[in-house]
Amino acid sequence: MMWRKRCDGSQIRDQLFKDLIDFILRANTSDDLLRDPTGSRLENLTPSDRAEIVDRVRNGCTPLFLAAKRGLVNIAIYLVDKCNANIEKKGVYEVQLDHTIHYVTPLWCAAVVGQLAVCEALVQRGADVNTVSDTGSTAIRSACYMSNKPVVEYLVAQGADVNRANNNGGTCLINSVQALDLCRFLIEKGANVNARDSQFKTALHYAVQELRFETVKLLLKHGADHKAQSKHGDDALQAACLKGCEEIANYLMDNLDYSPERIADAYELLGATFAVENHDIGKAIDYWKRAILYRQEKGIGKDIDYPTHSVYMGVKPFRTIEEVDELAVNLDKIRIHSLMINERVLGKSHKDTIYRLMYRGAAFADRLMYERCIDLWKYVIDIRLLKDSVLHHDTCVAFETLVIILFDRYDDMSEKANADWSASLNDALFLLEKCIDSFPKAIEQLKTIPTFRRHEENWDRLLQSLVHLLHLAVIVKKTPDEASKLRVCLKRLNWIAPRTVKGNSLLHLAAGRVDGINRRNPQVFGGRQIFPDPVTTSALLETGAAVEATNQDGSTALHVASLRINYRQDVVELLLGKGAHIDRTNRQGNTPYRMLNGNQECKINVTNLITLKCLAATKVKSLKIRYEKQVPNSLIPFVRMH
Numbered sequence: 008m009m010w011r012k013r014c015d016g017s018q019i020r021d022q023l024f025k026d027l028i029d030f031i032l033r034a035n036t037s038d039d040l041l042r043d044p045t046g047s048r049l050e051n052l053t054p055s056d057r058a059e060i061v062d063r064v065r066n067g068c069t070p071l072f073l074a075a076k077r078g079l080v081n082i083a084i085y086l087v088d089k090c091n092a093n094i095e096k097k098g099v100y101e102v103q104l105d106h107t108i109h110y111v112t113p114l115w116c117a118a119v120v121g122q123l124a125v126c127e128a129l130v131q132r133g134a135d136v137n138t139v140s141d142t143g144s145t146a147i148r149s150a151c152y153m154s155n156k157p158v159v160e161y162l163v164a165q166g167a168d169v170n171r172a173n174n175n176g177g178t179c180l181i182n183s184v185q186a187l188d189l190c191r192f193l194i195e196k197g198a199n200v201n202a203r204d205s206q207f208k209t210a211l212h213y214a215v216q217e218l219r220f221e222t223v224k225l226l227l228k229h230g231a232d233h234k235a236q237s238k239h240g241d242d243a244l245q246a247a248c249l250k251g252c253e254e255i256a257n258y259l260m261d262n263l264d265y266s267p268e269r270i271a272d273a274y275e276l277l278g279a280t281f282a283v284e285n286h287d288i289g290k291a292i293d294y295w296k297r298a299i300l301y302r303q304e305k306g307i308g309k310d311i312d313y314p315t316h317s318v319y320m321g322v323k324p325f326r327t328i329e330e331v332d333e334l335a336v337n338l339d340k341i342r343i344h345s346l347m348i349n350e351r352v353l354g355k356s357h358k359d360t361i362y363r364l365m366y367r368g369a370a371f372a373d374r375l376m377y378e379r380c381i382d383l384w385k386y387v388i389d390i391r392l393l394k395d396s397v398l399h400h401d402t403c404v405a406f407e408t409l410v411i412i413l414f415d416r417y418d419d420m421s422e423k424a425n426a427d428w429s430a431s432l433n434d435a436l437f438l439l440e441k442c443i444d445s446f447p448k449a450i451e452q453l454k455t456i457p458t459f460r461r462h463e464e465n466w467d468r469l470l471q472s473l474v475h476l477l478h479l480a481v482i483v484k485k486t487p488d489e490a491s492k493l494r495v496c497l498k499r500l501n502w503i504a505p506r507t508v509k510g511n512s513l514l515h516l517a518a519g520r521v522d523g524i525n526r527r528n529p530q531v532f533g534g535r536q537i538f539p540d541p542v543t544t545s546a547l548l549e550t551g552a553a554v555e556a557t558n559q560d561g562s563t564a565l566h567v568a569s570l571r572i573n574y575r576q577d578v579v580e581l582l583l584g585k586g587a588h589i590d591r592t593n594r595q596g597n598t599p600y601r602m603l604n605g606n607q608e609c610k611i612n613v614t615n616l617i618t619l620k621c622l623a624a625t626k627v628k629s630l631k632i633r634y635e636k637q638v639p640n641s642l643i644p645f646v647r648m649h
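First residue of the sequence shown: 8, per this note's numbering; consecutive thereafter.
(1) Taking the alpha-carbon positions, what's the Arg13 to Tyr85 distance?
(2) Which ranges would you report for the beta strand (DSSP E) in the segment 102 to 150 if only whole runs of at least 3 residues count?
(3) What do you get for Val119, buried or exposed, if any count of 16 or more other CB atoms within 10 angstroms of its CB means buried?
(4) Taking Cβ to Cβ, would you say His478 is nearer than 8 Å to Thr543?
(5) Under a Cβ-count criterion, where at least 16 other Cβ atoms within 10 Å of its own Cβ denotes burial, should Phe538 be classed as buried or exposed?
(6) Compare the beta carbon distance of Leu453 and Lys492 with 8 Å and say whether it is the shorter of the two.
(7) Note down, in chain order, each residue of its chain lying with its Cβ closer than 6 Å to the Cβ of Trp10, except the 5 sequence neighbours on either side.
(8) What is the DSSP secondary structure of Gly289, reduced to helix, strand or coil?
(9) Put Val99 into one of helix, strand or coil per three-state DSSP.
(10) Using the Cα positions of Trp502 and Lys250, report the straight-line distance between them to the nearest angstrom.
(11) Using only the alpha-carbon positions, how far apart do Met376 and Val64 sit?
(12) Can you tell which of His399, Leu409 and Gly586 has the C-alpha that lies nearest to the C-alpha of Ala449?
(13) By DSSP, does Arg33 sit in helix, in strand, or in coil?
(14) With DSSP as the reference, label Cys68 as helix, strand or coil.
(15) Using C-beta distances below 7 Å, list every residue in its chain close to Ile328, excluding the 5 sequence neighbours before and after it, in chain order.
(16) One question on the structure: do Thr53 and Asp26 come within less than 8 Å of each other, judged by their Cβ atoms?
(17) Do Gln720 and Val521 have their C-beta atoms within less than 8 Å of each other?
(18) Here's a check: name, in chain order, each residue in its chain whose Cβ is nearer than 7 Å to the Cβ of Glu221, leaving out the five neighbours to either side.
(19) Mind checking which residues open and close the alpha helix (DSSP H) that includes Val521?
(20) Can you find at least 3 beta carbon pairs, one from the segment 230 to 237 and one from the segment 269 to 276, that sit closer than 8 Å?
(21) Output the distance between the C-alpha atoms of Gly368 and Lys340, rounded to the nearest integer angstrom.
(22) Please report the residue range of the alpha helix (DSSP H) in which Cys496 lies.
(23) Please report the residue range of the alpha helix (DSSP H) in which Cys668 lies.
(24) Would you tell me roughly how many angstroms separate the C-alpha atoms of Cys88 and Asp359, rounded to the nearest one?
(25) Could you check the C-alpha separation between Arg33 and Val61 for me, to the nearest Å?
(26) Would Val169 and Ala202 be called neighbours here (beta carbons separated by less than 8 Å)?
(27) For the alpha helix (DSSP H) holding Gly278, just list the boundary residues, first then last.
(28) For a test of the three-state rule: what should DSSP assign to Ala172, helix, strand or coil?
(29) Is it true that the CB of Asn175 sits closer than 8 Å to the CB of Asp204?
(30) Report the three-state DSSP secondary structure of Arg191 (helix, strand or coil).
(31) Measuring CA to CA, which of Gln607, Asn349, His344 and Arg191 is closest to Asp241?
(32) Pick out whichever of Ala552, Asp43, Tyr313 and Gly230 has its Cα sitting closest to the Cα of His515.
(33) Can you give, in chain order, each stretch of the alpha helix (DSSP H) that sits fully within the segment 387 to 427 and has at least 4 residues?
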């Protein structure tokens, strides 16, 4: 009976909590808990029971958190004053725009949704105005992001720190560039106009980026450093040129101290942006002409180093108004000039230089101009590997995309009677050699403790792309000399023996279902599943791939090929023909022999492949006979693998 009463009491409290949440979710701002039966039931509890109930959580939120979010000030006051609700207990807040999740206090939540009355009530009852969220963001910073000026003014009056940044270095001022009056208020209250975030960007960078001209002028008036450079080397002028914001760019050039050379370059960069980003050829031509006239006016020559890479098709930089006028009727040359200007002004490794090269390449691919596309993307790979490790996410994405493009070209060429396959193989060899050259360093980097999970994911993604590239290189038509070059690459690759994070070799991948690229890009390879693949498997085996190499599960490529989902008889026969052991036991106790024997699709008589030596070794292991000092050392590994 006592147990039943205790159980009934628990159920009553559970129901009361549910009713309290339901009341808050349907309540209006004028509603009061004391006028509702739910409030009366709470009043009948002891103070400790009330506190326990109101600090419970549903869907990551306490009743106080929900009341703060909905602006229910009377209910929030009651929960704190009468129920002793934990005023700092954090809940889950989801930003509707991007569905990001934040773990924040009720005050933070009220601030971000602009509920000033709730903010006042919570602060008056002891809420800490400088408590941070899971990302290090304060309530005032969240209010700045939503341009809730009355909330910001109140929090500042209560001691909120206007210079406290979040975990990424973002400040209140950076979060407020969209609201001129709010920026002015924060600056008056001591906000640091030159504070930088993790990207080394200041509020001025963000004001330019968001095209907030009046905010730009305000920040400059109060000492913003227009020469401060972001992580990518962009100052305010360069950022304005890359955004195509001519109003801001011209204001900066007219009112700040830039060298004549810098201004001429800015005109050219603005023109390049209008050509490739804004698709406004008229303005591109106008700015390039302005650059020429400005150089002439200031006596600046154009004896500068322009990029001469073959992807620019031998195009020479324009130097006269007449040369620019001639460009107006040649859209392809306009785009080439834009890319050349990007590389010269920004630098080869700048993110926008790379992005615009990739974008131009993708445009060529859309028009089935594969050679131009591939040349540009190969150049991007070159730049990426000079700038970043092969483990960098952007490098892996570029590599994977180029492999897909090579397959698209292969499919296109397969439909032509007299296709020239030499370029296709040369492009595949180019990528293979880039991988081979960069793998030793990457493998050492992956051994570093602690490991970086993103690097591991990128590495596995790269190897999946690589095995697809191997397949393409093997199936494309080749001359004897080209076939010899490919064999050299494969031998080097097998010597390096790259492995996935789980220890799978390229042979494991070739013998299994490699579908990472297919999942990310369902339309690639004509929708076909390339692996398991006998052609790639054979090429690897013929050039020295270790047929008995095991992964972390102790499985060989034959184990992988013997799985029902992977089974292809020709792949299994290739592995067996190169000496793959059919009764080798992996860590789960499985052998290819058992797996194949239980597969009705398998037509191989696997029983005939078991030798007397294998049977003896298996028996020794099954009976747990101590054999280490009883057999020759050369036999110990053989017995152990059974």
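Glycine included, C-beta positions come from ideal geometry on N, C-alpha and C.
Result, derived from the coordinates:
(1) Indexing the sequence shown from 1 puts residue 13 at position 6. Indexing the sequence shown from 1 puts residue 85 at position 78. Confidence at Arg13 is low in this model, with a pLDDT of 45, below 50, so its placement is unreliable and the value that follows should be read with caution. For Arg13 and Tyr85, the distance between alpha carbons rounds to 28 Å.
(2) 108 to 111
(3) Along the sequence shown, read from residue 1 onward, the residue named residue 119 stands at position 112. When all chains shown are included, Val119 counts as buried.
(4) Looking up residue 478 in the sequence shown gives position 471. Looking up residue 543 in the sequence shown gives position 536. In contact: His478 and Thr543 (Cβ atoms closer than 8 Å).
(5) The residue labelled residue 538 in the question sits at position 531 within the sequence shown. Buried is the call here.
(6) Position 446 of the sequence shown holds residue 453. Position 485 of the sequence shown holds residue 492. Contact: no.
(7) Taking the first residue of the sequence shown as 1, we reach residue 10 at position 3. With a pLDDT of 41 at Trp10, under the threshold of 50, the modelled position of that residue is not reliable, and no figure is offered here.
(8) Mapped onto the sequence shown, residue 289 falls at position 282. Helix.
(9) On the sequence shown, residue 99 is found 92 positions in, with the first residue counted as 1. Reduced to three states, the DSSP call for Val99 is strand.
(10) Counted from its first residue, the sequence shown places residue 502 at position 495. Counted from its first residue, the sequence shown places residue 250 at position 243. Roughly 48 Å between the two C-alpha positions.
(11) Here residue 376 refers to the residue found at position 369 when the sequence shown is read from its first residue. Here residue 64 refers to the residue found at position 57 when the sequence shown is read from its first residue. Going by the C-alpha atoms only, they are around 58 Å apart.
(12) Mapped onto the sequence shown, residue 449 falls at position 442. Ranking the options by Cα distance to Ala449, first place goes to His399.
(13) For this step, residue 33 is matched to residue 26 along the sequence shown. Residue state, collapsed to three classes: helix.
(14) Here residue 68 refers to the residue found at position 61 of the sequence shown. Strand.
(15) Residue 328 sits at position 321 when you count from the first residue of the sequence shown. Result list for Ile328: Lys296 and Ile299, in chain order.
(16) Numbered from 1 along the sequence shown, position 46 holds the residue referred to as residue 53. Numbered from 1 along the sequence shown, position 19 holds the residue referred to as residue 26. Cβ distance not < 8 Å, so Thr53 and Asp26 don't count as in contact.
(17) Outside the displayed span of the chain (8 to 649) sits residue 720, for which this structure offers no information.
(18) Numbered from its first residue, the sequence shown carries residue 221 at position 214. Around Glu221: Leu187.
(19) Counting from one through the sequence shown, the residue named residue 521 turns up at place 514. First-last for Val521: undefined, no H or E at that position.
(20) no
(21) Here the question's residue 368 lines up with position 361 in the sequence shown. Here the question's residue 340 lines up with position 333 in the sequence shown. One C-alpha to the other measures close to 14 Å.
(22) To locate residue 496, count along the sequence shown from 1; it is residue 489. First-last of the alpha helix (DSSP H) with Cys496: Pro487 to Ile503.
(23) A question about residue 668 goes unanswered here, because the residues of the chain that appear run from 8 up to 649.
(24) In the sequence shown, the residue the question calls residue 88 occupies position 81. In the sequence shown, the residue the question calls residue 359 occupies position 352. Per the sequence shown, residue 88 should be read as Asp rather than Cys. Asp88 and Asp359: Cα-Cα distance of roughly 56 Å.
(25) On the sequence shown, residue 33 is found 26 positions in, with the first residue counted as 1. On the sequence shown, residue 61 is found 54 positions in, with the first residue counted as 1. For Arg33 and Val61, the distance between alpha carbons rounds to 17 Å.
(26) Taking the first residue of the sequence shown as position 1, residue 169 is located at position 162. Taking the first residue of the sequence shown as position 1, residue 202 is located at position 195. In this structure, Ala202 does not lie closer than 8 Å to Val169 by Cβ.
(27) For this step, residue 278 is matched to residue 271 along the sequence shown. From DSSP, the alpha helix (DSSP H) with Gly278 extends over Pro267 to Val283.
(28) As a first step, residue 172 is located in the sequence shown; it is residue number 165 there, counting from the start. Three-state DSSP puts Ala172 in coil, outside helix and strand.
(29) Taking the first residue of the sequence shown as 1, we reach residue 204 at position 197. Taking the first residue of the sequence shown as 1, we reach residue 175 at position 168. Yes, these two residues count as a Cβ contact at 8 Å.
(30) Working through the sequence shown from its first residue, we reach residue 191 at position 184. It is helical.
(31) As a first step, residue 241 must be located in the sequence shown, where it is residue number 234. Of the listed residues, the one whose Cα sits closest to Asp241 is Asn349.
(32) Locating residue 515 in the sequence shown gives position 508, where the first residue counts as 1. Checked all of Ala552, Asp43, Tyr313 and Gly230; the closest Cα to His515 is Ala552.
(33) 400 to 421
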